[in-house]
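Novice: Below: one structure in structure tokens.
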Amino acid sequence: MVNNQYRRKPKWLKGDVLKKNLSLAEQSFALINHFPQFKEEFTEGKVTWIGTLQPQLISRVYTVKIEYEKNGFPKVWVIDPSLERYNNQPIPHMYNQERLCLYYPPAKEWKRSKWIYQTIIPWICLWLRHYEIWLITGRWMGGGIGHHSPSESVEEEKKHYEE
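At position 129 of the sequence shown (counting the first as 1) the number is 114 in the working numbering, and the numbers step up by one without a gap.
Okay, structure coming up:
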């Protein structure tokens, strides 16, 4: 018997081929293989990675936590060292001054069909690099869209991921 599964035409949406959402296991396997300094922990419907990143050779080494729920989006915290403020100003591009804001959700720059190791990890390094410059100069050089307030709500962020 012939398996016709591979002869199906791809599904299209607005001119693009629909890509499948990657599973937690696929994401974790790829991330750990590309960044072995990360450790994983699976709980029901969620995976958490904790590991170190150094954005450039002259940078500090940061310990970061990435949490990813099955139908959610990656959430990122810097857990060590504690992030400092420049002249007591709120740190730019953070949610509630706790989690990193790495991309603009309404632009759909990240989707569940994208690899975390190819998107979120490099974006963390880029964010940390811009943070280090901001800490010295007081100017955020990373561009991006400004937040409504330093404590932009998580609910506001979530609404951009509903599909």
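Ideal placement from N, C-alpha and C gives every residue a C-beta, glycine not left out.
Quick check: what's the CA-CA separation for F58 versus T33?
Specialist: By one-based count along the sequence shown, residue 58 stands at place 73. By one-based count along the sequence shown, residue 33 stands at place 48. Taking the straight line joining both Cα atoms gives about 12 Å.
Novice: Return yes when the Cβ of W62 is within less than 9 Å of the Cβ of E94, no when it is not.
Specialist: Residue numbering aside, residue 94 sits at position 109 when the sequence shown is read from its first letter. Residue numbering aside, residue 62 sits at position 77 when the sequence shown is read from its first letter. It is not a contact, given that the beta carbons lie outside the stated cut-off.
Novice: Using the C-alpha atoms, what's the distance from E25 back to T48?
Specialist: Taking the sequence shown and counting its residues from 1, one reaches residue 48 at position 63. Taking the sequence shown and counting its residues from 1, one reaches residue 25 at position 40. Going from the Cα of T48 to the Cα of E25 covers about 14 Å.
Novice: Run through DSSP, which three-state label would T104 get?
Specialist: Counted from its first residue, the sequence shown places residue 104 at position 119. T104 falls in the coil class under three-state DSSP.
Novice: DSSP three-state call for R114: helix, strand or coil?
Specialist: For the purposes of this step, residue 114 is taken as residue 129 along the sequence shown, with counting starting at 1. Three-state DSSP puts R114 in a helix.
Novice: How long is the line joining the alpha carbons of R114 and K4, rounded to whole angstroms?
Specialist: On the sequence shown, position 129 is the one that residue 114 refers to. On the sequence shown, position 19 is the one that residue 4 refers to. Taking the straight line joining both Cα atoms gives about 31 Å.
Novice: In terms of residues, what are the limits of the beta strand (DSSP E) holding F27?
Specialist: Taking the sequence shown and counting its residues from 1, one reaches residue 27 at position 42. From DSSP, the beta strand (DSSP E) with F27 extends over K24 to T28.
Novice: For the structure I just gave you, are there three or more beta carbon pairs, one from the segment 62 to 73 and one from the segment 106 to 121, closer than 8 Å?
Specialist: Yes: the two stretches touch, three or more of their Cβ pairs being nearer than 8 Å.
Novice: Quick test of the definition: if touching needs 3 or more C-beta pairs under 8 Å, does the segment 99 to 114 touch the segment 10 to 25?
Specialist: The segment 99 to 114 is in contact with the segment 10 to 25.
Novice: Going by Cα to Cα distance, which pick from K96, F27, I51 and A92 is closest to I109?
Specialist: Within the sequence shown, numbered from 1, the residue matching residue 109 stands at position 124. Of K96, F27, I51 and A92, the residue nearest in Cα terms is I51.
Novice: List the residues that DSSP assigns as beta-bridge partners of E54.
Specialist: Position 69 of the sequence shown, counted from the first residue, corresponds to residue 54. Answer is K31.
Novice: Checking the sheet assignment: what are the DSSP bridge partners for G36?
Specialist: On the sequence shown, residue 36 is found 51 positions in, with the first residue counted as 1. In the DSSP output, where bridge partners are listed per residue, G36 has V49.
Novice: Take F27 as the anchor and find which of L9, Q74 and R97 has the nearest alpha-carbon.
Specialist: Along the sequence shown, read from residue 1 onward, the residue named residue 27 stands at position 42. Looking at the Cα atoms, L9 is the closest of the given residues.
Novice: Cα separation between S67 and R124?
Specialist: Position 82 of the sequence shown holds residue 67. Position 139 of the sequence shown holds residue 124. Cα to Cα, the separation comes out at about 19 Å.
Novice: Which term fits R45, buried or exposed, when burial requires 16 or more other beta carbons within 10 angstroms of its beta carbon?
Specialist: As a first step, residue 45 is located in the sequence shown; it is residue number 60 there, counting from the start. Exposed is the call here.
Novice: Out of curiosity, what's the CA-to-CA distance linking N6 and L87?
Specialist: Against the sequence shown, residue 6 aligns to sequence position 21. Against the sequence shown, residue 87 aligns to sequence position 102. Going from the Cα of N6 to the Cα of L87 covers about 20 Å.
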